[in-house]
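Sequential numbering of the sequence shown, starting at 2, is according to this note's numbering.
C-beta: ideal position from N, C-alpha, C; glycine also.
What follows is a short report on a single structure.
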Amino acid sequence: MSEPRALLSSVFGFDSFRPGQEEIVSAVCAGRDVLAIMPTGGGKSLCYQLPALAREGVTVVVSPLIALMRDQVRALREAGVSAGALTSATDEAEAEEIFSALDAGRLKLLYMAPERLARAGTEALLRRVRPTMIAVDEAHCVSQWGHDFRPDYLEIGRLRERLGCQVTAFTATADAETRAEIVTRLFPETPEVFLRGFDRPNLDLVFRPKDNPRAQLLDFVNARRGQSGIVYCASRARTETLARALGEAGHSTLAYHAGMEADARRHAETRFQREDGLIVCATVAFGMGIDKPDIRYVVHADLPKSIEAYYQEIGRAGRDGLPAETLTLFGADDIRLRRAQIDESLAPDERKEADHGRLNALLGLAETPHCRRRALLAYFGETPEDDCGGCDTCRERPELHDATEAAQKAFSAVLRTGQSFGSGHLIDLLRGVRTERMRERGHDELPTFGVGKDLSKAQWQVIFRQLMGLDYLRPDVTRHGALRLTEAARPLLRGEAGLELRRDRLEGAARAVTVAP
Ligand code: ADP
Ligand code: ZN
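Encoded structure:
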């Protein structure tokens with residue numbers, strides 16, 4: 002059996018599981034019958050696709066949605082996985098190809114439309130190929146009382162009886178009657194049921210822009226002396242400098258990263274499990290095997306990679322159900338670093354685009370003026386009715402500030418200088434600072450020169466960070482982080498769309514500049 006985590010990144014290109022996926026995948030891989038209820042968009046398909054690849058033999062997937070099956074088959078094939086779909090839209094040649102892949106034992110995933118199940122020959126075919134598992138997508142279609150009832154779904158239970166293989170079922174419909182009906186119609190005995198909302202209400206959620214990250218971290222940790230916590234860092238070097246800084250402030254700390262000897266890592270893990278009040282400054286290598294219920298906080302000293310990674314990492318706090326805190330610090334440097342890591346990776350272009358998209362979603366969460374927990378849960382497909390009251394944006398609802406004009410000025414500075422400069426030079430240009438570089442390039446002659454004098458340098462930095470966060474401006478790693486406009490910026494530039502940014506961020510920057518010129 003292949004390692005699920007390795008497949009997660011090599012085949013699917015994801016760096017972490019989404020909430021719930023890992024537990025489901027391991028139950029499925031262990032051969033257990035499973036009913037999983039996850040919200041739409043929560044990532045159900047991975048829960049049967051990954052076990053299908055991790056194990057021997059072929060997995061049959063029943064789904065009522067032909068378009069969705071075709072999309073999944075296409076995506077799997079592009080990732081180098083042998084998969085096929087038998088639906089009303091499958092032509093003769095394609096079916097032949099699937100049969101021969103099946104007979105050669107090559108096919109890993111066979112998607113089948115429900116109407117195909119009752120067809121003559123299907124049972125014989127399945128008896129011959131002996132599937133490892135039947136995975137039933139949209140399993141609520143088996144419920145006679147639901148609006149999506151598909152009579153053909155009843156055939157699944159009969160086939161399962163005759164084939165005697167593992168069954169897994171997935172749905173977003175959570176009501177108790179439907180669930181009970183799925184269980185009786187599809188499973189020989191009560192399966193393992195996964196029904197867990199993604200919300201972790203005992204986790205307090207806070208994001209702060211970095212102004213002085215070391216001081217921000219010390220303030221946070223000093224106010225929580227004696228508590229166990231994890232401080233996640235983007236690099237090995239930073240785990241060491243931050244552990245040293247916390248140690249100097251009188252905390253008991255350890256650094257942890259994958260570059261350490263195995264012995265030292267094991268030693269750190271054991272100490273963290275056993276001792277109270279130890280703070281581990283770690284890269285994301287720390288945490289997988291850690292089972293400590295009373296971690297009172299998780300700080301991200303640097304921005305994580307994606308919302309999935311963020312959720313997984315903060316999720317290590319407060320497993321005992323008692324209140325626990327999370328703090329995420331982020332700045333323009335983090336955005337540049339994460340973009341550069343994506344662009345410099347050897348992944349194909351589509352995967353890089355997807356990774357940029359995931360980073361954008363996280364930056365959107367970082368800058369949201371609305372309830373942060375709702376934004377987080379919405380990303381995973383859950384839609385809570387109310388604001389949570391347990392996040393920074395609920396405690397203090399940020400006011401918005403119309404930044405359309407400032408954004409247009411910034412875009413014009415980018416365009417008039419040929420999309421070849423980073424934010425430092427662009428901000429000098431907007432503020433009318435006659436540096437040597439400005440004169441050399443003749444940029445002090447541009448109409449944009451000095452049009453942004455009304456804002457301080459720190460305020461412009463905040464605006465540029467938010468424009469990068471919203472992916473209107475993207476740093477180009479091959480050109481030392483020169484900023485260029487993305488397509489998303491065009492409507493704003495043409496005046497067809499407006500932009501509102503958080504006022505508190507701008508005002509914070511205005512204050513910062515008076516304290517530290
Ligand atoms: P569902 O069937 O639950 O509605 P899907 O399986 O179609 O959801 O997944 C929804 C989206 O989430 C897809 O775009 C998929 O690529 C993405 N996704 C699933 N798992 C992960 C993961 N571990 N990390 C990042 N994205 C994921
Ligand atoms: Zn909230």
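Query, Result
"Residue interval of the beta strand (DSSP E) (run including D477)", "474-477"
"For R491 and Q1, the rounded distance between their alpha carbons", "Outside the shown range of the chain, which is 2 to 518, sits residue 1, and nothing can be said about it."
"DSSP-derived helix/strand/coil call for A483", "strand"
"Near ligand 2: T394 beta-carbon under 7 Å from a heavy atom", "yes"
"T174 CB to nearest heavy atom of ligand 1 below 7 Å", "no"
"Given 8 Å, three or more beta-carbon pairs between the region 153-166 and the region 76-83", "no"
"Ligand 1 heavy atom lying under 7 Å from the CB of T41", "yes"
"Distance cut-off 7 Å: G198 Cβ against heavy atoms of ligand 1", "no"
"Whole-angstrom distance between E139 and A147, CA atom to CA atom", "Note on residue identity: the sequence assigns Gly, not Ala, to residue 147. In a straight line, the C-alpha of G147 is about 12 Å away from that of E139."
"C166 versus T91, F18, R131, residue with shortest Cα-Cα distance", "R131"
"Residue burial classification, A411 (beta-carbon count within 10 angstroms, cutoff 16)", "buried"
"Start and end residues, beta strand (DSSP E) containing R503", "501-503"
"Continuous alpha helix (DSSP H) assignments of at least 4 residues falling wholly in the region 343-418", "350-368, 373-380, 393-396, 405-417"
"DSSP bridge partner residues for Q313 (one or two, in chain order)", "BP columns for Q313 are empty, so no partner."
"Cα-Cα separation, R180 to I25", "17 Å"
"Q467 - containing alpha helix (DSSP H), residue span", "458-470"
"Cβ contact check for the region 357-365 and the region 466-480: 3 or more pairs under 8 Å", "yes"
"Cβ-Cβ distance between M113 and V63 below 8 Å", "yes"
"Element boundaries [beta strand (DSSP E), containing V168]", "167-172"
"CB-CB length for Q217 against L330, believed under 8 Å", "6 Å"
"Beta strand (DSSP E) runs wholly inside the region 71-140, at least 3 long, in chain order", "84-87, 110-113, 134-137"
"DSSP three-state assignment for T240, whether helix, strand or coil", "helix"
"Among C282, L416, R373, C48, the one whose alpha carbon lies nearest that of I308", "R373"
"Given 8 Å, three or more beta-carbon pairs between the region 288-300 and the region 168-182", "no"
"Secondary structure of T185, DSSP reduced to three states", "helix"
"With 16 other Cβ atoms within 10 Å as the buried cut-off, status of L427", "buried"
"Any non-hydrogen atom of ligand 4 within 7 Å of G288 CB", "The model depicted lacks ligand 4 and carries ligand 1 and ligand 2 instead."
"Test item: CB-CB of I99 and H141 under 8 Å", "no"
"Cβ contact check for the region 426-442 and the region 317-332: 3 or more pairs under 8 Å", "no"
"Closer than 7 Å: Q313 CB and nearest ligand 1 heavy atom", "no"
"Near ligand 2: C389 beta-carbon under 7 Å from a heavy atom", "yes"
"Selected residue, minimal CA-CA separation from A489, among L111, L500, E193", "L500"
"Residue from R359, D92, T60 with nearest C-alpha to R107", "T60"
"Inter-residue Cα distance where the pair is A310 and E124", "42 Å"
"P20 - DSSP class collapsed to helix/strand/coil", "coil"
"Any non-hydrogen atom of ligand 2 within 7 Å of R374 CB", "yes"
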